[in-house]
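Asker: One structure, as structure tokens, below. Some questions next.
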Amino acid sequence: MSENPVFDRIKNEVSSEDVVLFMKGTPVFPQCGFSNAVVQVLTYLGVPFKGINVLEDDDIRQGIKEFSDWPTIPQLYVKGEFVGGCDIVREMFEQGELRDYLAQKGIETQAA
Amino acid sequence: MAMTASEIERLIKEAIPDAIVDIRDLAGDGDHYAANVVSASFKGKTRVQQHQMVYAALKGGMGNELHALALQTSAPQD
Numbered sequence: 001m002s003e004n005p006v007f008d009r010i011k012n013e014v015s016s017e018d019v020v021l022f023m024k025g026t027p028v029f030p031q032c033g034f035s036n037a038v039v040q041v042l043t044y045l046g047v048p049f050k051g052i053n054v055l056e057d058d059d060i061r062q063g064i065k066e067f068s069d070w071p072t073i074p075q076l077y078v079k080g081e082f083v084g085g086c087d088i089v090r091e092m093f094e095q096g097e098l099r100d101y102l103a104q105k106g107i108e109t110q111a112a
Numbered sequence: 113m114a115m116t117a118s119e120i121e122r123l124i125k126e127a128i129p130d131a132i133v134d135i136r137d138l139a140g141d142g143d144h145y146a147a148n149v150v151s152a153s154f155k156g157k158t159r160v161q162q163h164q165m166v167y168a169a170l171k172g173g174m175g176n177e178l179h180a181l182a183l184q185t186s187a188p189q190d
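In structure tokens:
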């Protein structure tokens, strides 16, 4: 099965940092409410992350959806693992699961 | 071409027959909905897997005709 050539680039990105967020816009200037919601959650928890602006790279924008079999942006990756989109990250955060999940992955979060 | 709430519900129920689907139209534009889906078939699955089942039911509509679907999934409480 010939793999999408952009998958290699994606694999590099998701392993380049502990926490990687494929988003619309940048962490400083999110250009989508859902992307912004995830940025706010990570910022509140004090978790450093790398934002990848899919609006600047259409190959990544389409490729990431195939890579994770997930149809929308944003997409959050922790230690190379797909965590979810805005709904799941927000639900995990609201139910206090996100902090535990990050701790399990060895990622510190700021005290509330 | 947007999707109607009834169309979304029909597609989800076609793929997940026992699903209880509660859809709210967030913006009245046929593009932004919130949906709560409860099904026994979600039991034992991660949230990502549960959401992927719903997206698969929408046959590619998600992210195309349907711009935003704030999704919550769960298995029925025993």
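Protein chains in written order, with the numbering used here: chain Z, 1 to 112; chain V, 113 to 190. From the three backbone atoms N, C-alpha and C, an ideal C-beta is built for every residue, glycine too. Given the structure is predicted, the values throughout are model-derived calculations rather than measurements.
#1: Answer with buried or exposed for V:SER151, where buried requires no fewer than 16 other C-beta atoms within 10 angstroms of its C-beta.
#2: Is Z:ASP87 buried or exposed, if buried means 16 or more other CB atoms sit within 10 Å of its CB?
#3: Can you check the stretch 36-89 of chain Z for any beta strand (DSSP E) of at least 3 residues that lies completely inside it and give the ranges in chain order?
#4: By Cβ distance below 7 Å, which residues in the same chain neighbour V:GLN184 in space, the five residues on each side in sequence not counted?
#5: Could you pull the start and end residues of the alpha helix (DSSP H) that Z:PHE7 belongs to?
#6: Just tell me which of V:ALA187, V:ASP137 and V:ILE124 has its CA closest to the CA of V:ALA146.
#7: Output yes if chain Z places a C-beta closer than 7 Å to the C-beta of V:ALA146; else output no.
#8: Compute the Euclidean distance between the alpha carbons of Z:LYS65 and Z:GLN110, then round it to the nearest angstrom.
#9: With a threshold of 7 Å between beta carbons, is Z:ASP59 in contact with chain V?
#10: Let's see if you can read the secondary structure: which residues bound the beta strand (DSSP E) around V:HIS144?
#11: Quick check on V:ALA169 - is its C-beta less than 7 Å from some C-beta in chain Z?
#12: For Z:SER35, which residues of its own chain have a beta-carbon under 8 Å away from its beta-carbon, when the five flanking residues on both sides are left out?
#13: Any heavy atom of the ligand MG closer than 6 Å to the Cβ of Z:GLU97?
Answerer: According to the data block:
#1: buried
#2: buried
#3: 50-53, 75-78 and 81-84
#4: ASN148
#5: 6-16
#6: If you compare the alpha carbons of V:ALA187, V:ASP137 and V:ILE124 with that of V:ALA146, the shortest gap goes to V:ASP137.
#7: no
#8: C-alpha separation (whole angstroms): 31 Å.
#9: no
#10: That run of the beta strand (DSSP E) goes 144-150.
#11: no
#12: LEU21, MET23, LYS24, GLY25, ILE73, PRO74 and CYS86
#13: As far as ligands go, the structure on display features none, and thus does not contain the ligand MG.
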